[in-house]
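> If you read the sequences in order, they're chains Z and E.
Going by our numbering, the first residue of the first sequence is number 8, and it counts up by one from there.
Going by our numbering, the first residue of the second sequence is number 5, and it counts up by one from there.
All C-beta atoms in this analysis are idealised placements derived from N, C-alpha and C, irrespective of residue type, glycine included.
This is the structure I have questions about; it appears just below.
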Amino acid sequence: MSNDLFRRQALDSLLARRRAVLKGGLAAAASMALPGLAGRAQAAPETPLQFIGWQYNPQIVAENVETFKKLYDENVNYELVPGEYHAVAETKLMGGQHIDMMYSEEDRLLRWNAAGWSRTLDGLPGLDEIKSKMYPINVKNLSLPNGELGGLPYYTGFNSFVCNEKHLEAAKIQPPATWEEMLEQCRKLKADKIAEYPYIAAWARGWSMMSWTLFSQWYSEGAKVFDENFQPVFDQPFRDVLQFNRTAYEEGLIPPDVFTHQAESVPNFATGAHTYMVVHEYDQKVFNTPETSQIAGACKNVIMPGKTRSTFLWTAAYQMGANPVDEERVWNLMQFFGGKAKDGQYHVAKRWAVDYGLGSAHKEVMEDPDVVAAMSKWKDLDVARKQHETGTTRDVAKSVWFPEWDWYMMGEAQDYFRGQTSQDQLVDRLQAKYDELKQMYPE
Amino acid sequence: MAVTTAHDLTLGDSRAAAPPRKDKRDWLPFFLSFPTLLVVFLVIGLPLIYSLALSLHRINMLTRKWIFVGLGNYTSIIPQPDFIAALMRTASFAVITVVAGLVLGMGMALVLNMRFPGRALMRSVVLIPWAMAPVTVGVLWGWIFDGSYGPLNGLLLDLGLSNTAIPWLGNGTTAFGIVALVHVWNQAPLTALLILAGLQSMPDNLHRAALIDGAGPFTRFFKITVPWLRPMLLLIMILTTINSIMAFDLFWTMTKGGPGSATTVFSWMGYAYAFQFMRMGEGAAILYVLTILCLVLAWFYLKLFFPTSAGTKALVAAGTTEPSDPSDLKHAVLQGVRHTRSKLARLPAFTPRATFSPRVRRILGTIGMWTVIILIFVWSFVPFAWLVIMSLQGSADLVRQPATVVPGPLTLENFRYVLFPDTATGGQSSVQASRVPFGIWNSFVVAVAVTVVNLILGGLAGYAYARSGRSRLMGSTLWALMLTRMTPSLALILPFFLVFKTLGLLDTRTGLVIAYCSLILPLSTWMMKGYFEGLPPNLEKAALVDGCSRMKAIWKIVLPVSLPGLVAAGIFCFLVSWNEFIFALILTGTPNAQTIPVIIAGFLVQLRFYDYGPMFAASVLAVIPPVVIALLFQRWLVSGMLSGSIKG
Numbered sequence: 008m009s010n011d012l013f014r015r016q017a018l019d020s021l022l023a024r025r026r027a028v029l030k031g032g033l034a035a036a037a038s039m040a041l042p043g044l045a046g047r048a049q050a051a052p053e054t055p056l057q058f059i060g061w062q063y064n065p066q067i068v069a070e071n072v073e074t075f076k077k078l079y080d081e082n083v084n085y086e087l088v089p090g091e092y093h094a095v096a097e098t099k100l101m102g103g104q105h106i107d108m109m110y111s112e113e114d115r116l117l118r119w120n121a122a123g124w125s126r127t128l129d130g131l132p133g134l135d136e137i138k139s140k141m142y143p144i145n146v147k148n149l150s151l152p153n154g155e156l157g158g159l160p161y162y163t164g165f166n167s168f169v170c171n172e173k174h175l176e177a178a179k180i181q182p183p184a185t186w187e188e189m190l191e192q193c194r195k196l197k198a199d200k201i202a203e204y205p206y207i208a209a210w211a212r213g214w215s216m217m218s219w220t221l222f223s224q225w226y227s228e229g230a231k232v233f234d235e236n237f238q239p240v241f242d243q244p245f246r247d248v249l250q251f252n253r254t255a256y257e258e259g260l261i262p263p264d265v266f267t268h269q270a271e272s273v274p275n276f277a278t279g280a281h282t283y284m285v286v287h288e289y290d291q292k293v294f295n296t297p298e299t300s301q302i303a304g305a306c307k308n309v310i311m312p313g314k315t316r317s318t319f320l321w322t323a324a325y326q327m328g329a330n331p332v333d334e335e336r337v338w339n340l341m342q343f344f345g346g347k348a349k350d351g352q353y354h355v356a357k358r359w360a361v362d363y364g365l366g367s368a369h370k371e372v373m374e375d376p377d378v379v380a381a382m383s384k385w386k387d388l389d390v391a392r393k394q395h396e397t398g399t400t401r402d403v404a405k406s407v408w409f410p411e412w413d414w415y416m417m418g419e420a421q422d423y424f425r426g427q428t429s430q431d432q433l434v435d436r437l438q439a440k441y442d443e444l445k446q447m448y449p450e
Numbered sequence: 005m006a007v008t009t010a011h012d013l014t015l016g017d018s019r020a021a022a023p024p025r026k027d028k029r030d031w032l033p034f035f036l037s038f039p040t041l042l043v044v045f046l047v048i049g050l051p052l053i054y055s056l057a058l059s060l061h062r063i064n065m066l067t068r069k070w071i072f073v074g075l076g077n078y079t080s081i082i083p084q085p086d087f088i089a090a091l092m093r094t095a096s097f098a099v100i101t102v103v104a105g106l107v108l109g110m111g112m113a114l115v116l117n118m119r120f121p122g123r124a125l126m127r128s129v130v131l132i133p134w135a136m137a138p139v140t141v142g143v144l145w146g147w148i149f150d151g152s153y154g155p156l157n158g159l160l161l162d163l164g165l166s167n168t169a170i171p172w173l174g175n176g177t178t179a180f181g182i183v184a185l186v187h188v189w190n191q192a193p194l195t196a197l198l199i200l201a202g203l204q205s206m207p208d209n210l211h212r213a214a215l216i217d218g219a220g221p222f223t224r225f226f227k228i229t230v231p232w233l234r235p236m237l238l239l240i241m242i243l244t245t246i247n248s249i250m251a252f253d254l255f256w257t258m259t260k261g262g263p264g265s266a267t268t269v270f271s272w273m274g275y276a277y278a279f280q281f282m283r284m285g286e287g288a289a290i291l292y293v294l295t296i297l298c299l300v301l302a303w304f305y306l307k308l309f310f311p312t313s314a315g316t317k318a319l320v321a322a323g324t325t326e327p328s329d330p331s332d333l334k335h336a337v338l339q340g341v342r343h344t345r346s347k348l349a350r351l352p353a354f355t356p357r358a359t360f361s362p363r364v365r366r367i368l369g370t371i372g373m374w375t376v377i378i379l380i381f382v383w384s385f386v387p388f389a390w391l392v393i394m395s396l397q398g399s400a401d402l403v404r405q406p407a408t409v410v411p412g413p414l415t416l417e418n419f420r421y422v423l424f425p426d427t428a429t430g431g432q433s434s435v436q437a438s439r440v441p442f443g444i445w446n447s448f449v450v451a452v453a454v455t456v457v458n459l460i461l462g463g464l465a466g467y468a469y470a471r472s473g474r475s476r477l478m479g480s481t482l483w484a485l486m487l488t489r490m491t492p493s494l495a496l497i498l499p500f501f502l503v504f505k506t507l508g509l510l511d512t513r514t515g516l517v518i519a520y521c522s523l524i525l526p527l528s529t530w531m532m533k534g535y536f537e538g539l540p541p542n543l544e545k546a547a548l549v550d551g552c553s554r555m556k557a558i559w560k561i562v563l564p565v566s567l568p569g570l571v572a573a574g575i576f577c578f579l580v581s582w583n584e585f586i587f588a589l590i591l592t593g594t595p596n597a598q599t600i601p602v603i604i605a606g607f608l609v610q611l612r613f614y615d616y617g618p619m620f621a622a623s624v625l626a627v628i629p630p631v632v633i634a635l636l637f638q639r640w641l642v643s644g645m646l647s648g649s650i651k652g
């Protein structure tokens, strides 16, 4: 498999040498003598397209790159960023590294565009047709404030509310409809010694962790957080959610070390020690797969508690570098990964959906019988569809300053939950940070 | 009462005793040190200037606006409550880890200096934590203290000492203490090694004479051992303080500055400003405050260890014509020993103690000694052994609840998965695993190259500084070299990236070698300088009389007798290079150059249930080469450090 992953000559040569030693095969020795020739189409352009991405099942990404190369007679360098993706990627972009296509969350669409590191897609051939086949909410999600499309969809997801049915049966309770009800249930689960920590969520300081969890809860409770003009709205629902989390922490209903949990707390829930979790919907596949979970078959998705029952919905993107090495080639790469390939297949989106449960922004993919069959095995698809329909996108993420505010917010929220600050202090600080950033990044 | 002085027991200070002399300017030392200076100042100089410029500007990297604010970044950040809090945490972390590391390292060194069966093995074992990369250390200890399925909780539950798993990292103070503990675990062996080197250089007759005088162990320790080790302690304090103040990898791996801001120290704050907020100006300013802190503390330590007449004056050597040279330890120790001679001479009067008979005392002593030896073994080896055990566990057995310390069935599947990903079955991941062999290979190539370059350039420069440390030019350049060591790596990363991109060195092993050489050369030069100072100049003089040229004398005479020093410096370079993380993270992007700490960090970012086993297997593979080197060469390491540091 490794041989398919990286095509640069030195690496091929090294890999070939290792295999030659291991297998003692003459053929491998021959490939060592002619590094880089095997498997590469002669017509592949000499200059590779540069593609960087974060650390989610990169072996599949690498295989997809290989499929693209064969289908298009192309040459691509896939760079995997092992650290904190956006921080490392911005350092590289700032340093002037050439990148043709890059992963990004929606909160980097405008930021990278404004910085001149990426470009919008308007004017590229076939874009209107692509947009017409996407869910409108995802098109909106990927559009910049000026209406231009900032990238093609990598996948779309939302935070789901999942339950450990074994615990529900033991406690003889139904999933909660409000956060207050959930608090009461957690107290009972703890008192009955069914779960030491009934609730768990991704609370570590990371863009896909505490931020996504809190925004899901805020939207489910009807908090706007930021209005249409991106002005803060730290209203009562906003405060109620904060108070709920603080209470859960103070009463020991959530693991006290949840702030430092790795891997979005997913392995913790998979042990079966917890009852409820706010989690990325695709992780339910992990929970319901025997090889990766101790509660396989007992993890059920339900609609989020709260006054609106909404959740946070996002669309991860492939952005095109501001100066693509060849616009047509890069557009081909983007369409292959973020849409339909020239053979009419959704190679990448469908594979993510079938094998890993990642939602797609393309209606055709989500309606594909293979995808429906695969997803039905590990989640209640009707509930998931209903939750998707009520999802809320985080429009404020398309402001230049938001990632900084978001990162700051997570640290301050952690301190508030730990009882280090009062709610008023927290809100004041969040407001002050907003004011500071608005001054730093004037419109 | 017998009178014992250090004067007639130690080293004759031929240099100090010799009258100052105006020699004809000798350019050879400068030429020998020139390559090192060139590498360090070319590679670090530009980034240093760039990052200093950053700290004087308010920069919006997105809008590309650079506004000169002078010291504005410093003055705006310093009064902020977050900054003050981070300063206090950094200071606390430094004090706790330096003191604890010193006490622990001293204890380990004292034990390892005693004669007991298996001493050589123990000397190797204590080096294991130091040989491990901080990233690996963070992974290991993060797991040990995991609040859900960590082995420490498993042990407590299995022994019935606790009813529920304890969320160790959930409490801010506890989390801070745990990171400090882990830092001490990682760094104390270096302290022990240096102190052991100092202890080995101490003449036996000092203690024997004191014993005859009736001095007890505590008296001898505080009146003889500690004064003797004073120059070494100065070095240790400076090194460990810099390491503590600039610690980053452990926070990155274990807590990310949390919970909340409980473990947000300066280095993490600087990282957050510079790389999370992309506010390079403020980030650089925060990181330069670290540099200033290091300088102030280094000065403070000098004052503390060598006050007044034997203090900085001692380091100025001839006083009127020479620049201060804090790293001139040989001179410092001689001055220090001279200064404390009177203290050494006045041992307390003999007071026979009769609490226990000699036989009972001997038995108690033996029991005490072996208890301490076992504790040191447990402290140093058991966490490492647990890492190995975890690497031999299936992923499902690693996350059992309730936690238990009893291992599940052992399997080599994780290693097969990492080393031969083509043949492994059942897992869903990962490219990360398949990159492990490449990471190890890259780390090895880079570390070997860095070691070779450092030995050659650092050796030449070290020799030059040893033989002409009194020259104003050489003294100044040595100072400047050492100053580069006090700049946090984080402050240099962006400028490094820009320079390397221009030179086409990004994502290459060559780039890493150049970066690491520039970072490590000051220390290897200093180590080698110390070593060469220990060699009598008469060696070369005799060779010159016999008709050798200067270079031939170095090659034929100096080099062969320098082997222990070269080995010690080489191991040091290898380990530092092997374990470096943050530069490798930013300057590399593909398996062409990614080193093993980066690969292990990659496991942590999107860790899934099925990745735990391979991650621990990768961690074990990552520590094998440095641990083997530490085990094989510990003897030379001790003797090299011994000679390189204080032997005259």
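Please name the residue in Z:His93, Z:Val169, Z:Thr220, Z:Glu228 whose C-alpha comes closest to that of Pro205 (chain Z).
Z:Val169
> Going by the beta-carbon positions, is the gap between Val183 (chain E) and Ile518 (chain E) smaller than 9 angstroms?
No Cβ-Cβ contact shorter than 9 angstroms links Val183 (chain E) with Ile518 (chain E).
> Which of the three DSSP states, helix, strand or coil, is assigned to Thr74 (chain E)?
Looking at the sequence itself, residue 74 (chain E) is Gly, so the reference to Thr does not match. Coil.
> What residues of chain E sit near Asn275 (chain Z), judged by a beta carbon separation below 7 angstroms?
Ser152
> Evaluate contact between the segment 115-122 of chain Z and the segment 151-159 of chain Z, counting only Cβ atoms and requiring at least three cross-stretch pairs below 8 angstroms.
At 8 angstroms Cβ cutoff, the stretches touch.
> In whole angstroms, what is the alpha-carbon distance linking Asn236 (chain Z) and Thr315 (chain Z)?
Those two C-alpha atoms are separated by around 22 angstroms.
> Quick one: does Pro171 (chain E) have its CB under 9 angstroms from some CB of chain Z?
yes
> Any idea which residues DSSP pairs Tyr283 (chain Z) with across the strands?
Z:Cys170, Z:Tyr206
> So, Ala276 (chain E) versus Gly264 (chain E), is the Cβ gap smaller than 9 angstroms?
No, they are not a contact pair.
> Would you decide whether Leu165 (chain E) is buried or exposed? Buried here means 16 or more other CB atoms lie within 10 Å of its CB.
exposed
> In whole angstroms, what is the alpha-carbon distance linking Glu271 (chain Z) and Met216 (chain Z)?
6 angstroms
> State yes or no: is the C-beta of Phe448 (chain E) within less than 9 angstroms of the C-beta of Pro618 (chain E)?
In this structure, Pro618 (chain E) does not lie closer than 9 angstroms to Phe448 (chain E) by Cβ.
> Got a sec: which bits of the segment 265-298 of chain E sit with their beta carbon under 7 angstroms from any beta carbon on chain Z, in order along the chain?
If the cut-off is 7 angstroms between Cβ atoms, the segment 265-298 of chain E has Ser265, Phe279, Gln280, Phe281, Met282 near chain Z.
> I'd like the ranges of any alpha helix (DSSP H) spanning at least 4 consecutive residues and lying wholly in the segment 410-471 of chain E.
417-423, 435-438, 440-457, 463-471
> Do the segment 68-88 of chain Z and the segment 297-305 of chain Z touch if we need at least three Cβ pairs shorter than 8 angstroms?
no
> Where does the unbroken alpha helix (DSSP H) through Val390 (chain Z) begin, and where does it stop?
For Val390 (chain Z), the uninterrupted alpha helix (DSSP H) segment begins and ends at 388-396.
> Give, in chain order, every unbroken run of the beta strand (DSSP E) that is at least 3 residues long and sits entirely within the segment 122-185 of chain Z.
Whole beta strand (DSSP E) segments, 3+ residues: 159-171.
> From what residue to what residue does the alpha helix (DSSP H) around Val562 (chain E) run?
Run containing Val562 (chain E): none; DSSP gives neither H nor E here.
> Per DSSP, Pro239 (chain Z) forms a beta bridge with which residues?
Z:Phe233
> Taking the straight line between their C-alpha atoms, what separation do you get for Ala322 (chain E) and Asn596 (chain E)?
Per-residue confidence for Ala322 (chain E) stands at a pLDDT of 32, beneath the threshold of 50, marking its modelled position as unreliable; no derived number is given.
> May I have the straight-line CA-CA distance separating Lys347 (chain E) from Ile242 (chain E), to the nearest angstrom?
No answer about Lys347 (chain E) holds up, because its pLDDT of 46 lies below 50 and its placement is not dependable.
> Reducing DSSP to helix, strand and coil, say where Ile240 (chain E) ends up.
In the displayed model, Ile240 (chain E) falls within a helix according to three-state DSSP.
> By a C-beta neighbour count over all protein chains shown, 10 Å radius and 16 as the cutoff for buried, is Glu335 (chain Z) buried or exposed?
Taking a 10 Å sphere around the C-beta of Glu335 (chain Z), we find fewer than 16 other C-beta atoms and assign the residue as exposed.
> In the DSSP assignment, find the alpha helix (DSSP H) that holds His211 (chain E) and state where it starts and stops.
208-216
> When you compare each of E:Asp615, E:Trp31, E:Leu197, E:Gly515 to Val43 (chain E) by their alpha carbons, which one comes out closest?
E:Gly515
> DSSP three-state call for Asn84 (chain Z): helix, strand or coil?
strand
> Per DSSP, what kind of secondary structure is Trp385 (chain Z) in: helix, strand or coil?
coil
> So the candidates are Z:Gln446, Z:Thr322, Z:Trp219; which of them puts its Cα closest to the Cα of Leu151 (chain Z)?
Among Z:Gln446, Z:Thr322, Z:Trp219, the Cα nearest to that of Leu151 (chain Z) belongs to Z:Thr322.
> What do you reckon, are the CB atoms on Thr318 (chain Z) and Gly213 (chain Z) nearer than 9 angstroms?
No, they are not a contact pair.
> Contact check, Tyr467 (chain E) vs Leu36 (chain E) under 8 angstroms by CB: the rounded distance?
Confirmed, about 6 angstroms.
> Can you tell me where the beta strand (DSSP E) holding Leu165 (chain E) begins and where it ends?
Membership of Leu165 (chain E) in any beta strand (DSSP E) is not indicated, and neither H nor E is assigned to it by DSSP.
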